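Asker:
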Ligand SMILES: [Zn+2]
Ligand SMILES: [Zn+2]
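Residue numbers (the working numbering): 1 to 346.
Written out as structure tokens, the structure is:
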């Protein structure tokens, strides 16, 4: 390995230049919405039997299909050589084309963490079935009806860019996935979604991070409702902060993210994210100084220029932060006439 340094018989200091030798190849594919953070990466990983494993699959659009096929062709590979598809999480830009890969002759089984299976499997929750639950929940957060309507339209559009998979097998935390040169541990890192997993090669100090850790963007904590619309089913930012602390403790030389180029220095990236959350929380406490507010009102103060279609993202971001402040005892949530309002504690 070019930049490798032998430490106790284990190569350390893996850089992007070493990836091909480890049988890892990044294939970026276009994503037509800027919120995702640019092109999404699939990673082709060489298996011991000569076939290839795919980490994530991109969107189900002609442009993404073309990029995926071109990426395979560049490596002298074909989609029918895919042995298995591991999904880092159940977002459309990551699972969207899994079915396309299966249909191109691989028939490869698709794996995801049990908590995200419902987002990916045919039998899972449907966006349309969840809409009434989200509409009711957003109304409780103080979001006006026209903003809710704009958000549901945006949601419809997004889900046309992915196809569900007939069967999704569980990718259990603690499982070890062996490839030609890697030994990838499945680490559950809930936050960005309830079932996000990272794949970690402890000896090589490599981390496939999905959208858990990106170099330049803070992953959005998104509102998640339980199957019955239950609020508090999952508190994304609280879960995320805990996962970030666990990630910080890992020894990592190279992060292979879901968007953007591989990068090192994961602890500096995490510290910047934690600092960013602290600042946002200080700002929310300021907004609440003049009295109780709904999450929607707080989101308007934090993001005055957000597009109506981005309302879900900014309200999610706000409620995620309010849940952390509540857990710390800084903020109290009160309900009156079916609306949640938040006020400073004490
Ligand atoms: Zn995502
Ligand atoms: Zn993504």
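A virtual CB, placed ideally from N, CA and C, is assigned to each residue, including glycine. Every value quoted in this text rests on a predicted model; they were computed, and no experiment measured them.
Just reading off the alpha helix (DSSP H) that residue 210 is part of, what are its end residues?
Answerer: Not the alpha helix (DSSP H): residue 210 falls in the beta strand (DSSP E), residues 206–210.
Asker: Count Cβ pairs between the segment 144–161 and the segment 211–228 that sit closer than 8 Å; are there 3 or more?
Answerer: Flag = no, the segment 144–161 and the segment 211–228 do not touch.
Asker: Where residue 338 and residue 140 are concerned, what is the direct C-alpha to C-alpha distance, given to the nearest angstrom?
Answerer: About 6 Å.
Asker: Quick one: Cα of residue 248 to Cα of residue 270, how far?
Answerer: The alpha-carbon atoms of residue 248 and residue 270 are separated by roughly 7 Å.
Asker: Note down the Cα distance separating residue 294 from residue 231, rounded to an integer number of angstroms.
Answerer: So the two alpha carbons sit approximately 15 Å from each other.
Asker: Taking 7 Å as the limit, name every residue whose beta carbon sits nearer than that to some heavy atom of ligand 2, in sequence order.
Answerer: Those residues are 36, 37, 40, 91, 93, 94, 211, 258, 259, given in chain order.
Asker: May I have a chain-ordered list of the alpha helix (DSSP H) segments no shorter than 4 residues that lie completely inside the segment 144–196?
Answerer: Listed in chain order, the complete alpha helix (DSSP H) runs (minimum 4 residues) inside the segment 144–196 are 145–159.
Asker: Since residue 256 and residue 208 are thought to touch, with beta carbons under 8 Å apart, how far apart are those beta carbons, to the nearest angstrom?
Answerer: Rounded, the Cβ-Cβ distance is 5 Å, consistent with contact.
Asker: Here's a check: name, in chain order, each residue in its chain whose Cβ is nearer than 7 Å to the Cβ of residue 158, leaving out the five neighbours to either side.
Answerer: Same-chain partners within the cutoff: 92.
Asker: Spatial neighbours of residue 306 within its chain, please: C-beta separation below 6 Å, excluding the five flanking residues on both sides.
Answerer: Taken in chain order, the residues that qualify are 314.
Asker: Please work out which residues of its chain come closer than 7 Å, Cβ to Cβ, to residue 69, disregarding the five sequence neighbours upstream and downstream, and give them in chain order.
Answerer: Closer than 7 Å at Cβ, skipping near neighbours: 79.
Asker: Residue 179 and residue 46: beta carbons closer than 8 Å?
Answerer: In contact: residue 179 and residue 46 (Cβ atoms closer than 8 Å).
Asker: I'd like the span of the beta strand (DSSP E) that includes residue 112, first residue to last.
Answerer: Unbroken beta strand (DSSP E) run through residue 112: 110–112.
Asker: Can you say whether residue 17 is buried or exposed, counting buried as having 16 or more other CB atoms within 10 angstroms of its CB?
Answerer: Counting Cβ neighbours within 10 Å, residue 17 comes out exposed, since fewer than 16 surround it.
Asker: Since residue 195 contacts residue 239 with CB under 8 Å, what's their CB separation in whole angstroms?
Answerer: Between residue 239 and residue 195 the Cβ distance is about 11 Å, and since that is not below 8 Å, they are no contact.
Asker: Please say whether residue 151 and residue 410 have beta carbons closer to each other than 8 Å?
Answerer: A query on residue 410 cannot be resolved here, the shown segment of the chain reaching from 1 to 346 and no further.
Asker: Considering residue 33, what are the terminal residues of the beta strand (DSSP E) in which it resides?
Answerer: That residue, residue 33, is in no beta strand (DSSP E); it is neither H nor E in DSSP.
Asker: If you draw a straight line from the C-alpha of residue 301 to the C-alpha of residue 287, how long is it?
Answerer: Computed Cα separation, rounded: 7 Å.
Asker: Exposed or buried, which one is residue 323 when buried takes at least 16 other CB atoms within 10 Å?
Answerer: Buried: at least 16 other Cβ atoms inside 10 Å.
Asker: Assuming residue 55 and residue 77 make a contact with CB atoms under 8 Å, what is their CB distance in whole Å?
Answerer: Not quite, the Cβ-Cβ distance comes to about 14 Å (not below 8 Å), so this is no contact.
Asker: Tell me whether the beta-carbon of residue 205 lies closer than 8 Å to the beta-carbon of residue 14.
Answerer: Yes. Within cutoff.
Asker: Are the Cβ atoms of residue 108 and residue 84 separated by less than 8 Å?
Answerer: Cβ atoms of residue 108 and residue 84: closer than 8 Å.
Asker: From what residue to what residue does the beta strand (DSSP E) around residue 331 run?
Answerer: From DSSP, the beta strand (DSSP E) with residue 331 extends over 331–336.
Asker: With a threshold of 16 other CB atoms inside 10 Å of the CB of residue 233, please say whether the residue is buried or exposed.
Answerer: Label assigned to residue 233: exposed.
Asker: Just checking residue 89 against ligand 1 - is the residue's beta carbon closer than 7 Å to any of the ligand's heavy atoms?
Answerer: Yes, the beta carbon of residue 89 sits closer than 7 Å to at least one heavy atom of ligand 1.
Asker: May I ask you to report which of helix, strand or coil DSSP gives residue 89?
Answerer: In the structure shown, residue 89 sits in coil (DSSP, three-state: anything other than H, G, I, E or B).
Asker: Helix, strand or coil: which one does DSSP assign to residue 83?
Answerer: Strand, per DSSP.
Asker: Check whether the Cβ of residue 192 lies closer than 7 Å to any heavy atom of ligand 1, and answer yes or no.
Answerer: Checking every heavy atom of ligand 1 against the Cβ of residue 192, one is found closer than 7 Å.
Asker: Going by C-alpha distance, which of 254, 25, 118, 283 is nearest residue 167?
Answerer: Of the listed residues, the one whose Cα sits closest to residue 167 is 118.
Asker: Compare the C-alpha of residue 275 against each of 24, 218, 298, 235 and name the closest.
Answerer: Looking at the Cα atoms, 218 is the closest of the given residues.
Asker: Leaving out the 5 sequence neighbours to the left and right, which residues in its chain are closer than 8 Å to residue 57 when beta-carbon positions are compared?
Answerer: Excluding residues within five positions, the ones whose Cβ falls inside 8 Å are 42, 68, 85, 87, 94, 95, 96, 97, 98, 100, 101.
Asker: Could you compute how far the alpha carbon of residue 325 sits from the alpha carbon of residue 304?
Answerer: Whole-angstrom Cα-Cα distance: 21 Å.
Asker: What residue range is occupied by the uninterrupted alpha helix (DSSP H) comprising residue 293?
Answerer: Note, residue 293: premise wrong, no alpha helix (DSSP H); not H, not E.
Asker: From which residue to which residue does the beta strand (DSSP E) around residue 40 run?
Answerer: First-last of the beta strand (DSSP E) with residue 40: 40–46.
Asker: Let me check one thing: in DSSP terms, what residues is residue 341 bridge-paired to?
Answerer: Note: residue 341 sits in a beta bridge opposite 334.
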